[in-house]
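Per the numbering used here, residue 10 is the first one in the sequence shown, and the count goes up by one each step.
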Amino acid sequence: MSPDKLRIYRRARAVADVLLPILSGQPPSLRIAEQTRASVTSITHNIAEGCGRTTTAERLQMLSHARGSLWETVDALADLEQLQLITTDQRMTLDRELRQTSSQIALFAAALVDKDPEYKGAYRFLADEGYRIRKRHEERLRKKEQHDD
């Protein structure tokens, strides 16, 4: 599976495309820039590595790592804004994009487990979160349909 075909990869890549040029101009002594550069690139790297794995367990593990890096990046956005490396609008846009991508990673994990229902390993929690997100989405759609009738 090619990572370029995955929406979660493309969305994470789009965030990296915004942040990396900003961060690359910062001195190495600015630790938050270095950490954020590492975390934002780790998102796509882990998704890509997961695409090269063959078992559900390995793929879920890599998605879990990607999601951890994603939340590290979300946390760093406030610091970048405070240092005036990004604007408030940029922080809000990137934060929203990353949070949506986080949900999509969980949904993708659920889809992987759907294809391998025997999987009961340690990273099942990520798929379970995807199932909860899917259920909330279906409930919202049902309510909307009832309201539209």
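In this text, a Cβ means the ideal position worked out from N, Cα and C, and glycines have one as well.
Only a predicted model underlies this, so the values are computations on that prediction, with no experimental measurement involved.
Neighbour-count burial assignment, residue i, 16 or more Cβ in a 10 Å radius
| i | result |
| --- | --- |
| F134 | exposed |
| P126 | exposed |
| Q91 | exposed |
| R76 | buried |
| S111 | buried |
| P12 | buried |
| Q164 | Only positions 10 to 158 of the chain appear in this structure, which leaves residue 164 out of reach. |
Backbone secondary structure at residue i - three-state DSSP
| i | result |
| --- | --- |
| P30 | helix |
| Q109 | helix |
| Q35 | coil |
| D125 | coil |
| Q93 | coil |
Beta-carbon gap between residue i and residue j smaller than 7 angstroms
| i | j | result |
| --- | --- | --- |
| S48 | T102 | no |
| L121 | L79 | no |
| G59 | L72 | yes |
| I52 | A87 | no |
| L32 | T50 | no |
| Q155 | I17 | no |
Of the listed residues the options, nearest to residue i (C-alpha basis)
| i | options | result |
| --- | --- | --- |
| V24 | R100, R68 and A119 | R100 |
| D123 | L94, T97, A66 and D84 | A66 |
| L39 | D157, Q93 and K152 | Q93 |
| F117 | Y132, D98 and Q155 | Y132 |
| I56 | K153, L15 and D104 | L15 |
| V27 | M10, T63, P37 and D98 | D98 |
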